[in-house]
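**Q**
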DNA sequence: AGTTAACCGAGACGGTACGTCGCGTCTTGTT
DNA sequence: AACAAGACGCGACGTACCGTCTCGGTTAACT
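Protein chains in written order, with my numbering: chain A, 169 to 359; chain B, 169 to 359; chain C, 169 to 359; chain D, 169 to 359.
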């Protein structure tokens, strides 16, 4: 065998896809534009990815690490506020454009429909892990369904971010958590 | 002036758009297919709507009425459960396909980006009104931000429905409300 | 009966058709443009003319008179030179653009295919009449077929004008007639 | 470099254009119909030709050879009669439909306006060559402008064929040449 | 003097073809 | 064998005009 996959081309394609997506939007980021921007033949793209969503998904999955890790100061409420604030800040960057485009295309593109939940899974698992630790420490109700807790916490974020029903106030997540957390925390037995 | 708009054509176009969207999906519903299905020239569509999203938005806005009205039995928790259950059922129908497509296209199409929040506004306002009544009746905390409450309630629905991170259990909204409502309701002074 | 044809509209339409044809060319002179330019409804045009060619033909037929009448100085060769020179000058004006467009559309449009020969007939008949007079005066061969003579004289003009095979020299018709006329004139019996 | 032009497609397109032009006429021969008839994408046509006229011109130029060559029996008058008769016969075939359409479109289409004279040039040059030989042999006047001679000979043909002013008699070219040739031939000095 | 019907402007309508864009596949050398 | 380049068949785009068809409104002949 010889002539294996060209790693340079792979990175150039992913980088070009992100660049275009950030500058001209997800919808007008075409395979042809990516190929041209990356200085690559279309064939090379189609050989390795089935759609533009796949390229961006691969890009996200390989570069996710540092982005929005969970802090652990021992105070679950404070840590959630820190992390969700980071997430909302991230959504306001170029990353947000890509991610929004992927979520949108997941409604019709098969690859995106599988990739989006897969990407989210990691973040959710990290969140669940942090919540589980807090639960173990008695900071959260023992009977709390942690998957559900994630949805209660992140639901409002995606609701405002995707549906754009109102301008998001700066202290949005502070208010959300202030309102929500009492329902998640263990009752303080002060009878 | 003269030569007014043909109301028959207008309705045929909207109906055709919904039919196609339901049967072949939002992404593959083309203007040409709508025109053909409606027995109408493409020009007639482009004369009145700038994109397929606009057609579907107009259809939704003119036929919204009855779909998911708010019950009022006096019990806010029960009413929310009823209504959100109805909404989730609605999302599982053809309407859901259209709505999902519109939300997706709102991430790139200007018209959809305006229409989706406009459509939601009405539903949110109805929800807020019902919540306000409950608040007035002392069933909800007096200092509760009702817009936020809506996001806390519907956020999890859209989170699961759009992001598809896990299969939605049948009693999903029951669990959501059971967990969430204590944080929204007025504290029962039983000291 | 009542409400007869609006003469003002008729003239405005013909005038607009000529104006557009002269300024933007025959091909891009559309019925819609004529209607707009004339400040007239499309219906009014279609009520009275079957195609744009018909409008221009009517315009030519009603305004032909003065354009290229035949002089009669008694010298047939000189008169032909005068007249053909006038014709070629006319072909270089806006009239030429219209006439060329009509001849072109006569290759496909039924109305033009009838109108072009009808318009030409008049000119040819005038030419034939002048030739007949010369023939009667013994200036042309007695056995000359005058229809053919017209084609021999005008053929080269249309050949160069329609087929554009070479730049037309200024003394073109002088040379044509100098070469051709000996074949048409009666032999001078100088035995 | 790579990915060269598909010769099969090229020929299929030209053939389809001729077939359609012959069967439905030049005016109603559309690019879409040609593409469909040739089993080819529209893009492939637009990639290589700017208009349908260009296709037909290329077809004519690449297949011109045999069509109406000049005989050379030594008798210039007889040879001209033979050749012009052939031309008129050719004009009555499908080729005539194409050629007429091209001449018509040359009045508005830039490509046709260049192509028609270019195609004619070859035929004219052949005619001029034959005339020059006759002139060299003393059969034509020494001072005869041969370009002009061509126009005198072919002018009547195009006049009748394009302008359709009268039904063309069967012996048309015989009469034309009988009338015209004396003006072109060298005077026989029999004083 | 009032009625009324044809003509008028405006322009919406169902269509056809336009010329362009991007798709995903393919072919042709080059590295 | 993978690559760049890009031609290919295809489908949809949004536009321009086609010729037909309502719409009121005007207007001129005939009640």
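Backbone N, C-alpha and C define an ideal beta-carbon position, used for all residues, glycine too. These numbers come from a predicted model, not from an experiment.
Taking the beta carbon of residue 214/C as the centre, do at least 16 other beta carbons fall within 10 Å, making it buried, or is it exposed?
**A** So residue 214/C counts as exposed.
**Q** Check whether the Cβ of residue 300/A lies closer than 7 angstroms to any Cβ atom in chain B.
**A** Judged by the 7 angstroms Cβ criterion, residue 300/A is not in contact with chain B.
**Q** For residue 200/A, which residues in the same chain have their Cβ closer than 7 angstroms to its Cβ, ignoring the five residues on either side in sequence?
**A** Cβ within range, chain order: 210.
**Q** Note down the Cα distance separating residue 288/B from residue 246/A, rounded to an integer number of angstroms.
**A** When rounded, the distance between both Cα atoms is 32 angstroms.
**Q** By Cβ distance below 6 angstroms, which residues in the same chain neighbour residue 239/D in space, the five residues on each side in sequence not counted?
**A** Correct list, in chain order: 247, 250.
**Q** State the Cα-Cα distance for the pair residue 273/C and residue 202/B, rounded to the nearest angstrom.
**A** Cα to Cα, residue 273/C sits roughly 37 angstroms from residue 202/B.
**Q** Could you check whether residue 296/B and residue 320/B sit closer than 7 angstroms to each other, using their CB atoms as the reference points?
**A** For residue 320/B and residue 296/B, no; Cβs fall outside 7 angstroms.
**Q** Confirm, please, whether the CB-CB distance from residue 219/C to residue 279/C is below 7 angstroms.
**A** Yes, Cβ-Cβ distance for residue 279/C and residue 219/C is below 7 angstroms.
**Q** Would you mind working out which of 346/A, 344/A, 352/A, 345/A sits nearest residue 347/B, comparing C-alpha positions?
**A** The shortest Cα separation from residue 347/B among 346/A, 344/A, 352/A, 345/A belongs to 352/A.
**Q** Is residue 174/B close to chain A? Criterion is C-beta to C-beta, closer than 7 angstroms.
**A** It does not: the Cβ of residue 174/B has no partner Cβ on chain A nearer than 7 angstroms.
**Q** Anything in chain A within Cβ reach of residue 271/B, meaning under 8 angstroms, just list it in chain order.
**A** The answer, in chain order, is 272, 275, 330, 331.
**Q** Taking only beta-carbon positions, decide if residue 342/C is within less than 7 angstroms of chain D.
**A** Chain D, which has no Cβ nearer than 7 angstroms to the Cβ of residue 342/C, makes this no.
**Q** Between residue 294/C and the rest of its own chain, which residues show a CB-CB distance below 8 angstroms, the 5 nearest in sequence each way excluded?
**A** So the list reads 237, 238, once near-sequence residues are dropped.
**Q** Going along the chain, which residues of the region 175-186 of chain A sit with their C-beta nearer than 8 angstroms to a C-beta in chain B?
**A** The region 175-186 of chain A vs chain B, Cβ under 8 angstroms: nothing.
**Q** So what's residue 353/D in DSSP terms, helix, strand or just coil?
**A** Note: residue 353/D maps to strand in three-state DSSP.
**Q** For residue 319/A, which residues in chain B fall below 7 angstroms Cβ to Cβ?
**A** Per Cβ cutoff of 7 angstroms: 324, 327, 328.
**Q** The alpha helix (DSSP H) that contains residue 329/C, what's its start and end?
**A** Start and end: 314-331.
**Q** Looking only at C-alpha atoms, which of 216/A, 316/A, 325/A sits nearest to residue 175/A?
**A** Closest by alpha carbon: 216/A.
**Q** The ligand HEM and residue 189/C: does any heavy atom of the ligand fall closer than 6 angstroms to the residue's C-beta?
**A** This structure lacks the ligand HEM, and indeed carries no ligand of any kind.
**Q** Are the beta-carbon atoms of residue 194/B and residue 304/B separated by less than 7 angstroms?
**A** Contact flag unset, no.
**Q** Is it true that the CB of residue 206/C sits closer than 7 angstroms to the CB of residue 221/C?
**A** No, they are not a contact pair.
**Q** Identify the continuous alpha helix (DSSP H) that holds residue 285/A and give its terminal residues.
**A** Per DSSP, residue 285/A belongs to the alpha helix (DSSP H) from 278-304.
**Q** Kindly list, in the order they appear in chain C, the residues whose Cβ is closer than 8 angstroms to that of residue 284/D.
**A** The contacting residues are 331, 332.
**Q** At the 7 angstroms Cβ level, is residue 348/B part of the contact set with chain A, yes or no?
**A** So, interface residue.
**Q** For residue 266/B and residue 224/B, which I take to be in contact (beta-carbon distance under 8 angstroms), what is that distance rounded to the nearest angstrom?
**A** Their Cβ separation, rounded to whole angstroms, is 5 angstroms, which keeps residue 266/B and residue 224/B in contact under 8 angstroms.
**Q** Whole angstroms is fine: what's the gap from residue 253/D's alpha carbon to residue 208/C's?
**A** If I take the Cα positions, the gap works out to 50 angstroms.
**Q** By DSSP's criteria, residue 224/A is part of a beta bridge. Which residues make up the other side?
**A** DSSP output for residue 224/A lists no bridge partner at all.
**Q** Would you report the Cα separation of residue 277/B and residue 264/B, rounded to the nearest angstrom?
**A** Rounded to the nearest angstrom, the two C-alpha atoms are 19 angstroms apart.
**Q** For the alpha helix (DSSP H) holding residue 259/D, just list the boundary residues, first then last.
**A** Residues 244-259.
**Q** List the residues of chain B that residue 193/A touches, going by C-beta distances under 7 angstroms, in chain order.
**A** Chain B residues near residue 193/A: 276.
**Q** Return the residues of the region 240-252 of chain B that lie within a Cβ-Cβ distance of less than 7 angstroms from chain A, sorted by chain order.
**A** Against chain A - using a Cβ distance shorter than 7 angstroms - the region 240-252 of chain B contributes no residues.
**Q** Alpha carbon to alpha carbon, how far is residue 290/C from residue 339/D?
**A** Their Cα atoms are separated by approximately 25 angstroms.
**Q** Excluding the 5 residues flanking residue 341/C on each side, which residues of the same chain have their C-beta closer than 7 angstroms to its C-beta?
**A** Closer than 7 angstroms at the Cβ level, and outside the excluded window around residue 341/C, lie 249, 252, 253, 256.
**Q** Indicate whether residue 284/D and residue 292/D have their beta-carbon atoms separated by less than 7 angstroms.
**A** It is not a contact, given that the beta carbons lie outside the stated cut-off.
**Q** Going by C-alpha distance, which of 326/B, 327/B, 212/B, 198/B is nearest residue 173/B?
**A** Here the closest residue by C-alpha is 212/B.
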